[in-house]
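Notes follow once the structure below has been shown.
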Amino acid sequence: MNESIVGRTNQKVVPEAKSGLQQFKYEVANEIGVQVPTTGYWGNMTSRECGSVGGYMVKKMVEAYERGLAGRK
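Here the sequence shown is numbered in our numbering, starting from -3 and rising by one per residue.
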């Protein structure tokens, strides 16, 4: 494991991707039908709703990576 990541939580590996990840989060929430607050505060949402969004984000990122690998030969 990367020594610089150990002990840190919730920090982006690529900080420049922060706004893109935020947009992706809202797109995924909309895609799976989770009503997101317009204020940007997700604290009133259930763990199930937030987990669904996060889980689907990971699924889509893995799929994109696998497609990239399949394209390389």
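Using N, Cα and C, we set each Cβ at its ideal position, and we do this for glycine too. Given the structure is predicted, the values throughout are model-derived calculations rather than measurements.
Whose C-alpha, out of the options, is nearest the C-alpha of residue i?
i, options, result
"Gly36", "Ser15, Val58, Ala60, Lys56", "Ser15"
"Asn6", "Arg44, Gly50, Glu27", "Gly50"
"Asn26", "Gly39, Asn40, Gly67, Glu45", "Glu45"
Report the rounded CA-to-CA distance for residue i versus residue j, giving the unit in angstroms.
i, j, result
"Gly29", "Leu17", "18 Å"
"Ala13", "Tyr61", "16 Å"
"Glu23", "Gln31", "11 Å"
"Leu65", "Lys8", "23 Å"
Rounded to the nearest angstrom, how far is the Cβ of residue i from that of residue j, given a contact under 8 Å?
i, j, result
"Met53", "Lys21", "6 Å"
Who are the near neighbours of residue i in its chain, counting only those whose CB is closer than 7 Å to its CB and skipping five residues on each side?
i, result
"Ser43", "none"
Within a Cβ cutoff of 6 Å, which residues of the same chain sit near residue i, ignoring the five residues on either side of it in sequence?
i, result
"Arg63", "none"
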